[in-house]
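Asks: Every number in this note's numbering is 19 more than the matching position in the sequence shown, counting from 1. The beta-carbon is built from N, C-alpha and C at its ideal position, and this holds for glycine as well.
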Amino acid sequence: MAVAIRGARGGGSGGVGAGFRGFFSYRIFVSAMFSLLFIATATVLLTTRPSTTHQHSRFRSGGNAYMHRTFVALNSDPLKTRLDLIYRQANDHITLVKAYAAYARKLKLDISRQLKMFDDLAKNFSDITSKPRYKSSLFETDGNLDEDVLRQFEKEVKDRVKFARLLIAESKENYDNQLKIQKLKDTIFAVRELLGKAKKNGAFASSIAAKSIPKSLHCLAMRLVEERISHPEKYKEDLPKSEFDDPDLYHYAIFSDNVIAVSVVVRSVVKNAEEPWKHVFHVVTDRMNLAAMKVWFKMRPVEGGAHVEVRALEDYKFMNSAYVPVLRQIESAKQRFYLEHKMENATKDGSNTKFRYLEHMSMLNHLRFYLPEMYPKLHKILFLDDDVVVQKDLTGLWKIDLSGKVNGAVETCFGSFHRFSQYLNFSHPLIRERFNHKACAWAYGMNIFDLDAWRREKCTETYHNWQNLNVDRALWKSGTLPPGLITFYSLTKSLDKSWHVLGLGYNPSISMDVINNAALIHYNGNMKPWLDIAMNQYKNLWTKYVDNDMEFLQTCNFGV
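1) If we ignore side chains and look at the alpha-carbon of each, how far apart do residue 570 and residue 436 end up?
2) Among the residues of its own chain, which have a CB less than 8 Å from the CB of residue 262, if the five just before and after it don't count?
3) Taking residue 254 as the reference, give the member of 271, 295, 320 with the closest Cα.
4) Can you find the residues in the same chain that come closer than 7 Å, C-beta to C-beta, to residue 563, ignoring five residues on each side of it along the sequence?
5) Would you mind listing the alpha helix (DSSP H) stretches within the segment 262-340 that are 4+ residues and don't spill past its ends, in chain order?
6) Which value, in whole angstroms, describes the spacing of the CA atoms of residue 533 and residue 245?
7) According to DSSP, what are the bridge partners of residue 403?
8) Look up residue 499 in the DSSP assignment and give the residues it is bridged to.
9) Does the beta carbon of residue 281 come closer than 9 Å to any beta carbon on chain B?
10) From residue 129 to residue 542, what distance separates their C-alpha atoms?
11) Which residues does DSSP pair with residue 539 in a beta bridge?
12) How about residue 503 and residue 388: are their beta carbons less than 9 Å apart?
13) Which of the three DSSP states is assigned to residue 493 in this structure?
14) Suppose only complete runs of 3+ residues qualify. What are the beta strand (DSSP E) ranges in the segment 413-451, listed by chain order?
15) Could you tell me the alpha carbon to alpha carbon distance between residue 453 and residue 481, rounded to whole angstroms?
16) Give the straight-line distance between the Cα atoms of residue 177 and residue 163, rounded to the nearest whole angstrom.
17) Pull up the distance between the alpha-carbon of residue 171 and that of residue 58, whole angstroms please.
18) Rounded to whole angstroms, what's the CA-CA distance from residue 483 to residue 509? Just pull it up for me.
19) Could you tell me which residues DSSP pairs with residue 512 in its beta bridges?
20) Can the beta-carbon of residue 281 be found less than 9 Å from the beta-carbon of residue 304?
21) With a CB to CB cut of under 6 Å and the five nearest residues on each side skipped, what residues in its chain are close to residue 168?
22) Whole angstroms are fine: how far does the CA of residue 248 sit from the CA of residue 575?
23) Do you know how far the Cα of residue 438 is from the Cα of residue 457?
24) Check whether the Cβ atoms of residue 270 and residue 450 lie closer than 9 Å to each other.
25) Keeping to the same chain, check which residues put their C-beta closer than 6 Å to that of residue 289; ignore five residues upstream and five downstream.
26) Would you kindly check if the distance between the Cβ of residue 329 and the Cβ of residue 385 is under 9 Å?
27) If you follow the alpha helix (DSSP H) that residue 250 is part of, which residue opens it and which one closes it?
28) If you count every other CB in all the chains shown that lies within 10 Å of the CB of residue 52, and 16 or more means buried, which is it?
29) Around the Cβ of residue 339, are there at least 16 other Cβ atoms within 10 angstroms (buried) or fewer (exposed)?
30) With DSSP as the reference, identify every bridge partner of residue 459, one or two as the case may be.
31) Give me the residue from 351, 517, 463, 444 with the minimum Cα distance to residue 507.
32) Would the segment 459-478 and the segment 422-436 be scored as touching if the rule is three or more Cβ pairs under 8 Å?
33) Please report how far the alpha carbon of residue 16 lies from the alpha carbon of residue 348, in whole angstroms.
34) When the Cα atoms are used, what is the spatial distance from residue 447 to residue 501?
35) For residue 168, list the residues DSSP reports as bridge partners.
36) May I have the straight-line CA-CA distance separating residue 179 from residue 151, to the nearest angstrom?
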């Protein structure tokens with residue numbers, strides 16, 4: 020037992036000694052390894068020498084370069100690290116400036132101010148490092164850097180960097196294609212918006228000018244009425260002349276409330292007629308302008324023995340709402356309009372479609388659809404607008420064979436313009452089924468009507484039927500041309516274009532050769548010849564037929 024116990028103790032004592040010896044051996048091993056690692060690190064640090072030339076460390080790359088710069092930073096002057104950062108910043112901006120200068124040359128901007136500035140700036144950056152003071156104190160020294168010199172160098176570099184950034188920011192949009200494209204798109208969009216607004220405002224202003232009564236015309240009408248009141252004995256009603264119903268003479272229908280315009284039409288016809296005594300003018304106006312119109316033709320009788328009949332719209336008793344659809348629609352529309360909208364709202368919004376609709380529904384405009392009933396004894400009549408000027412004898416129109424057609428007119432279509440589709444609503448089945456959307460439109464303003472054919476074809480009834488169908492304006496919007504195109508569809512004979520030249524009230528590009536060759540010129544559009552907005556190149560063609568000897572024109576300062 021004693022042996023066993025000693026053995027056990029001896030075994031335990033030997034195990035503890037072995038543990039201590041293993042522990043101390045491990046500690047010695049770890050200490051030795053740390054010592055070797057320390058010695059190796061110290062050796063590297065003590066034996067490594069950074070290059071004194073700045074260029075040597077700058078162009079190393081990758082992981083080795085990074086380690087190299089790290090060790091250099093640990094064992095070098097800290098001002099050299101600062102110098103390295105400044106130098107690299109300057110180099111980066113030199114590269115950027117040269118890139119913009121190269122692109123400027125590619126765009127052929129060699130003479131531009133910006134290109135010269137780019138080149139000068141790149142040269143200035145390069146010149147800084149070449150200065151003797153900086154070269155000797157910063158780039159070619161093996162010792163410590165002079166902080167004052169470095170600070171001055173840094174200030175010059177930063178000043179040039181700041182200027183370079185300002186120049187690049189200013190010039191970037193000139194060289195960045197995407198930016199240029201976007202800016203161009205924005206500019207185009209803005210210009211289109213401005214153009215649209217200008218067109219809308221111009222059209223609105225032109226419409227106001229065209230529909231307003233100039234002060235001189237208002238004065239003329241007032242003077243004529245005053246003359247009638249002051250001398251009633253001079254202006255007694257004359258008995259109707261037999262010539263007014265003579266079918267063998269040349270009859271004209273003119274419906275207008277503009278005294279001076281009607282006088283120019285009549286005067287131009289007579290002055291160019293070979294036999295003026297055979298011409299009869301049927302002038303119809305409204306009740307308000309009837310006295311002025313009659314006094315004018317009393318004071319200034321038509322030359323050459325031509326005959327003028329002046330009547331009021333109200334003189335035609337059949338023109339009542341029971342018979343005429345437009346009169347019913349005017350009365351109904353006025354009631355609805357004034358119930359739904361106060362008048363001040365209508366004046367604020369000149370583009371109000373209902374307001375324009377009432378203007379276009381003037382009965383003087385729609386009177387042209389009742390010529391056979393107004394002049395039952397006549398066979399043919401020439402309808403003229405009040406904004407036309409006649410330049411040649413028109414009696415040849417009565418000799419044209421209309422081949423059974425009702426209306427002789429000049430067609431206005433060319434290409435896809437002025438086709439029926441522009442005037443009528445072809446999305447409506449009634450229009451789509453009965454008319455050809457490509458049919459050529461023709462012009463009102465000078466139309467020779469065969470009244471016998473009109474009565475035979477019952478054109479007024481056709482007009483009434485379609486006008487009743489258009490009570491909600493679903494077939495056409497407004498005006499007299501759309502119902503005219505419908506009423507005389509397939510009943511219109513095309514005349515030679517030299518009979519009737521249009522566009523002098525809106526188109527400044529009409530050839531003077533075309534105008535001079537025309538039998539009749541038409542100032543359709545807003546720029547009427549009696550307005551200040553008339554086009555000067557055409558105005559004299561109208562003013563030469565104004566009766567300047569009329570004393571009231573001078574009194575009213577009528578500018579012709």
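Replies: This is what the structure holds:
1) 45 Å
2) 268, 299, 326
3) Out of 271, 295, 320, the CA that lies nearest to the CA of residue 254 is found in 320.
4) none
5) 278-291, 306-318
6) Rounded to whole angstroms, residue 533 to residue 245 spans 42 Å at the Cα level.
7) 273, 465
8) Looking at the DSSP assignment, residue 499 forms no beta bridge with any residue, so it has no partner.
9) Of the protein chains in this structure there is only one, and it is not chain B.
10) Per-residue confidence for residue 129 stands at a pLDDT of 46, beneath the threshold of 50, marking its modelled position as unreliable; no derived number is given.
11) 409
12) yes
13) coil
14) Within the segment 413-451, the beta strand (DSSP E) runs of at least 3 residues that lie entirely inside it are, in chain order, 426-428.
15) 13 Å
16) 22 Å
17) Residue 171 and residue 58: Cα-Cα distance of roughly 42 Å.
18) 18 Å
19) 427
20) Annotated as proximal: residue 281 and residue 304, with beta-carbon spacing under 9 Å.
21) 156
22) 18 Å
23) 5 Å
24) Not closer than 9 Å, so no.
25) These residues qualify, in order along the chain: 295, 321, 322, 323, 325.
26) No. Outside cutoff.
27) Segment: none, residue 250 is in no alpha helix (DSSP H) and carries neither H nor E.
28) Around the CB of residue 52, fewer than 16 other CB atoms lie within 10 Å, so the residue is classed as exposed.
29) Classification of residue 339: exposed, given that the 10 Å Cβ count is below 16.
30) 438
31) With distances taken between Cα atoms, residue 507 lies closest to 463.
32) yes
33) Since the first residue shown for the chain is 20 and the last is 579, residue 16 is missing from the structure and cannot be characterised.
34) Answer to the nearest angstrom: the Cα atoms are 14 Å apart.
35) According to DSSP, which records beta bridges pairwise, residue 168 is partnered with nothing at all.
36) 19 Å
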